[in-house]
Each structure stands twice: as C-alpha cells, then as structure tokens.
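Residue numbers for the sequence shown follow my numbering, beginning at 13 and rising by one.
Step one of this worksheet: look at the structure below.
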Amino acid sequence: MLKEYLLSDYKRCGIHKISLGVLFSTFYIQPNPGLKFMTIFRLTQHYRRRNRMLFYFFFLWLRRLKFKYGFDISYRTQIGKGFYIGHFGNIVIHGDAVIGENCNISQGMTIGVSNYGEKKGVPTIGNYVFIGPNAGIFGNITVGNNVTIGANSVVTENVADGMTILPSKMIAIQKDLSPYYIQNSLS
13 MLKEYLLSDY
23 KRCGIHKISL
33 GVLFSTFYIQ
43 PNPGLKFMTI
53 FRLTQHYRRR
63 NRMLFYFFFL
73 WLRRLKFKYG
83 FDISYRTQIG
93 KGFYIGHFGN
103 IVIHGDAVIG
113 ENCNISQGMT
123 IGVSNYGEKK
133 GVPTIGNYVF
143 IGPNAGIFGN
153 ITVGNNVTIG
163 ANSVVTENVA
173 DGMTILPSKM
183 IAIQKDLSPY
193 YIQNSLS
C-alpha cells in the first residue's frame, strides 16, 4: 500500500518508476519540495503503528520539512493517492481533514476547522479537486468530485460535484485611506 501511494504521488510529477536515483534526484539534485514532503509524509503515516523507531525518525524529518517549506500538514491527515503540491509556502491543512485522490493544492491555501455553529468541524474534499492560491476551505462541509476552487476563494458551504468556485468581486470605495497605512513616508 505504501509503494502504491508513493508511486501515485510521483506519477503526478511525471515520474513513473521510483528508484534510488530518482529519490536522490528528488531530494538532493533537483529538489521538489512538494514531492519530498509527501514522500516523508507517507513514510510517517506508514510506520505510525508498525515501527515506533522509524515513525519517530520520519516524524522528526517531517517536522523539519514543515518549517523549511511552510507546509503545516499533520501526519494524521487522510490524503488519497496522487496528491500534488504545486508550489511551496503557507499551506495549512487540519489534521482531521480528509482529501480524496488526484487533488492539487497551491501555495497559501488553508483547509481548516470551524469551531462554532452548525458547520463546526473540518472539511472533506473529494477526488480530482484543484484548490487555487490563497483559497480557504472551512467547517464541516463536503467538497464534491471534479471541483475547481479559484484563487482567493473562501468556501464555507458544501460544493456539489463538477462545480467551479470563484472569489467574490472586488469592492472599491471612493475614499483615500492611504495616509492611515503609509507611515513615515520619504516625501
């Protein structure tokens, strides 16, 4: 099962066979932060209940990668096969979230908890979902299969299969507030 999950993640990056040379290239020669993180993530999950020593080894490595690349993804998160991280930086995924197969995530996105109301909990993400840069998905909601969530979108309601979510329109007001934000200017 571990090999199947790892190979599916590597295939999403155009690598169809895993070897020592491929691993060396992925980790050191031409580092791929997303693939490197997911490899250690999968190994941490695999050894969680099988081998305490290897679990702690990979857990500490995963923790180091979290800080290095800005991925706050708990090893408890359920992530399906073929997970693809497009760019590194500022990615937060709650440990109780569930993500389906063949999903893409971008930088700056959050899959988080809602702590009150009828949507209290964490999201469940379907298969073939693209989550754009700086998008946020919050609460006990379900995002269906074949969904595209556009950049800067905030999702707090269920999303049906095959939908595209776009951010709200920009609002402009006719008032100059720049003096309140630009402090100690040079002129």
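We put the CB at the ideal spot given by N, CA and C, even for glycine.
Residue i vs residue j beta-carbon contact at 8 Å
i, j, result
"Pro-145", "Ser-118", "yes"
"Ile-177", "Ile-153", "no"
"Gly-133", "Gly-151", "yes"
"Arg-24", "Tyr-128", "no"
"His-58", "Leu-14", "yes"
"Pro-179", "Asn-164", "yes"
Nearest candidate by alpha-carbon position, reference residue i, set the options
i, options, result
"Gly-203", "Lys-131, Leu-32, Lys-78, Gly-138", "Missing from the structure shown is residue 203; the chain here goes from 13 to 199 and no further."
"Lys-93", "Pro-191, Glu-16, Lys-181, Ile-194", "Glu-16"
"Gly-174", "Ser-180, Lys-131, Asn-158, Gly-129", "Asn-158"
"Phe-49", "Gln-42, Ser-190, Leu-77", "Leu-77"
"Arg-88", "Ala-109, Tyr-128, Ser-31", "Ala-109"
"Arg-75", "Leu-55, Arg-62, Pro-135", "Leu-55"
"Lys-131", "Arg-61, Asn-170, Pro-43", "Asn-170"
"Ile-7", "Ala-184, Asp-21, Gln-186, Ile-183", "Here the chain covers residues 13 to 199 and nothing more, so residue 7 does not appear."
"Thr-51", "Ile-183, Ser-31, Arg-61, Asn-63", "Ser-31"
"Thr-168", "Ile-183, Met-182, Tyr-192, Thr-136", "Thr-136"
CB-CB length for residue i against residue j, believed under 8 Å
i, j, result
"Gly-249", "Thr-122", "The question about residue 249 has no answer here: the residues shown for the chain are numbered 13 through 199."
Whole runs of the beta strand (DSSP E) within the segment 102 to 142, excluding any shorter than 3 residues
103 to 105, 122 to 124
If we count Cβ pairs, one from each stretch, closer than 8 Å, do we get three or more for the segment 90 to 101 versus the segment 64 to 82?
yes
For the pair the segment 55 to 70 and the segment 34 to 42, tell me if three or more CB-CB distances fall below 8 Å.
no
So, does the segment 127 to 144 touch the segment 106 to 118, judging by three or more C-beta pairs under 8 Å?
yes
Within the segment 75 to 106, ranges of the beta strand (DSSP E) (whole runs, at least 3 residues):
83 to 85, 103 to 105
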